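Residue numbers (my numbering): -7 to 232.
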């Protein structure tokens, strides 16, 4: 997974509309499940099992299992593990949400928690959360209990927005995909329903995405190979 880290936030210039489309039928102990709207939900995965997900691990063995109704994913120290699962089905316009526990992560570790949509290397929309390189942390005025979150379009066009969040908390990460009047996707990244950034993409619904959950050891988001095991808990994933 390639990451870009230097473009500015864009504002929607055209009216966008969301009509969900799918290609098929498709504190850590004290969880706050976040707000959901069952009446409009097309699909929710609660991770009582992973029957509608498939392994997408690229490096290392599949490091994940069900723990107390959540999907626990991790990477090992002194490796470049890339632990991932992806949805069996593909999706287009709609609202995608991941409920994730973001723990304390190793200081300087190149480890990333990922909640993202992927069609191919040039059609990918991400949340990536990790400790962050020291230069990025300084630019964000990050304190010791802050982690860095990237909201990114890998290409078409490339776009990256960095912010900071507190470690040791549950968050709802959301990517909304709407269409403008030119039938191009408008992507909006939110955390706990607060908008981080918005970007009009150069493509539309001919490109459909699989939904990914991951923990990966990636060089862009730290200063050294991880010295500790890093993990995340995925409580649920939703498409509506």
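Backbone N, C-alpha and C define an ideal beta-carbon position, used for all residues, glycine too.
As the structure is a prediction and not an experimental result, all values here were calculated from the model.
Check your understanding: Can you tell me the Cα-Cα spacing of residue 130 and residue 140, whole angstroms?
Key -> Taking the chain shown and counting its residues from 1, the one referred to as residue 130 is at position 138. Taking the chain shown and counting its residues from 1, the one referred to as residue 140 is at position 148. The alpha-carbon atoms of residue 130 and residue 140 are separated by roughly 11 Å.
**Study point:** Residues bridged to residue 110 [DSSP beta-bridge criterion]
**Key:** As a first step, residue 110 is located in the chain shown; it is residue number 118 there, counting from the start. According to DSSP, residue 110 bridges with 116 and 202.
Exercise for review: Name the residue from 68, 112 and 96 whose alpha carbon lies nearest to the alpha carbon of residue 78.
Suggested key: Translated into the one-based positions of the chain shown, residue 78 becomes position 86. Selected option, being the one with the closest Cα: 112.
**Study point:** alpha helix (DSSP H) segment containing residue 127, residue limits
**Key:** Mapped onto the chain shown, residue 127 falls at position 135. Here the alpha helix (DSSP H) through residue 127 covers 126 to 132.
Review point. Just checking my contact of residue 253 with residue 167 at CB under 8 Å: how many whole Å lie between their CB atoms?
Key: Since the displayed the chain opens at -7 and closes at 232, residue 253 lies outside it and no answer follows.
Check your understanding: Within 10 angstroms of its Cβ, does residue 105 collect 16 or more other Cβ (buried), or is it exposed?
Key -> The count along the chain shown starts at 1 and reaches residue 105 at position 113. With 16 or more Cβ atoms within 10 Å of its Cβ, residue 105 is classed as buried.
Check your understanding: Can you tell me the Cα-Cα spacing of residue 137 and residue 211, whole angstroms?
Key -> For the purposes of this step, residue 137 is taken as the residue at position 145 of the chain shown. For the purposes of this step, residue 211 is taken as the residue at position 219 of the chain shown. Taking the straight line from one Cα to the other gives about 21 Å.
Review point. Quick one, which of 161, 125 and 54 has its alpha-carbon nearest residue 65's?
Key: What you label residue 65 is simply residue 73 of the chain shown in a count that begins at 1. Out of 161, 125 and 54, 54 has the C-alpha closest to the C-alpha of residue 65.
**Study point:** Residues bridged to residue 51 [DSSP beta-bridge criterion]
**Key:** Locating residue 51 in the chain shown gives position 59, counting from the first residue. Answer is 74, bridged to residue 51.
**Study point:** Proximity of residue 142 and residue 118 at Cβ, strictly below 8 Å
**Key:** For the purposes of this step, residue 142 is taken as the residue at position 150 of the chain shown. For the purposes of this step, residue 118 is taken as the residue at position 126 of the chain shown. Their beta carbons are under 8 Å apart, which means residue 142 touches residue 118 by this criterion.
**Study point:** Per-residue DSSP class, three states only, for residue -7
**Key:** Residue -7 sits at position 1 when you count from the first residue of the chain shown. Because the pLDDT of residue -7 is 43, which lies under 50, any placement of that residue in the model is unreliable, and the question is left without a value.
Review point. Residues in its own chain within less than 7 Å of residue 47 by CB, not counting five upstream and five downstream?
Key: Along the chain shown, read from residue 1 onward, the residue named residue 47 stands at position 55. Cβ neighbours of residue 47 beyond the five flanking positions: 54 and 77.
Check your understanding: DSSP beta-bridge partners for residue 232?
Key -> Numbered from 1 along the chain shown, position 240 holds the residue referred to as residue 232. Answer by DSSP bridge pairing: none, since residue 232 is not bridged.
Check your understanding: Taking the C-alpha atoms as reference points, what is the distance between residue 52 and residue 223?
Key -> As a working note, residue 52 is residue 60 in the chain shown. As a working note, residue 223 is residue 231 in the chain shown. If you take the alpha carbons of residue 52 and residue 223, they lie about 15 Å apart.
Check your understanding: Going straight from the alpha carbon of residue 190 to that of residue 177, what length do you get?
Key -> Within the chain shown, numbered from 1, the residue matching residue 190 stands at position 198. Within the chain shown, numbered from 1, the residue matching residue 177 stands at position 185. Approximately 11 Å, taken between the alpha carbons.
Check your understanding: Who pairs with residue 97 in a beta bridge, going by DSSP?
Key -> Taking the first residue of the chain shown as position 1, residue 97 is located at position 105. Per DSSP, none; premise fails for residue 97.
**Study point:** Own chain, CB closer than 7 Å to residue 126, minus 5 neighbours either side, in chain order
**Key:** Counting from one through the chain shown, the residue named residue 126 turns up at place 134. Around residue 126: 215.
Check your understanding: Which residue or residues does DSSP assign as beta-bridge partners of residue 157?
Key -> Against the chain shown, residue 157 aligns to sequence position 165. Answer is 139, bridged to residue 157.
Review point. Beta strand (DSSP E) containing residue 66: first to last residue?
Key: Numbered from its first residue, the chain shown carries residue 66 at position 74. Unbroken beta strand (DSSP E) run through residue 66: 62 to 67.
**Study point:** Proximity of residue 86 and residue 232 at Cβ, strictly below 8 Å
**Key:** Reading the chain shown from its first residue, position 94 is the one you call residue 86. Reading the chain shown from its first residue, position 240 is the one you call residue 232. Cβ distance < 8 Å, so residue 86 and residue 232 count as in contact.
Practice item. Tell me, please, which residues DSSP counts as bridged to residue 210. Key: Counting from 1 along the chain shown, the entry for residue 210 is found at position 218. DSSP, once it has assigned bridges, lists no residue as partnering residue 210.
Practice item. Work out the CA separation of residue 207 and residue 221 for me, nearest whole Å. Key: Within the chain shown, residue 221 is the residue found at index 229, counting from 1. Within the chain shown, residue 207 is the residue found at index 215, counting from 1. Going by the C-alpha atoms only, they are around 11 Å apart.
**Study point:** Inter-residue Cα distance where the pair is residue 99 and residue 123
**Key:** Residue numbering aside, residue 99 sits at position 107 when the chain shown is read from its first letter. Residue numbering aside, residue 123 sits at position 131 when the chain shown is read from its first letter. About 6 Å.
Check your understanding: So, using beta-carbon positions, are residue 158 and residue 132 closer together than 8 Å?
Key -> Numbered from its first residue, the chain shown carries residue 158 at position 166. Numbered from its first residue, the chain shown carries residue 132 at position 140. Contact flag unset, no.
Exercise for review: Would you tell me roughly how many angstroms separate the C-alpha atoms of residue 150 and residue 69, rounded to the nearest one?
Suggested key: Numbered from its first residue, the chain shown carries residue 150 at position 158. Numbered from its first residue, the chain shown carries residue 69 at position 77. Cα to Cα, the separation comes out at about 31 Å.
Review point. When the Cα of residue 193 is compared with those of 90, 147 and 184, which residue comes out closest?
Key: Translated into positions along the chain shown, residue 193 becomes position 201. Ranking the options by Cα distance to residue 193, first place goes to 147.
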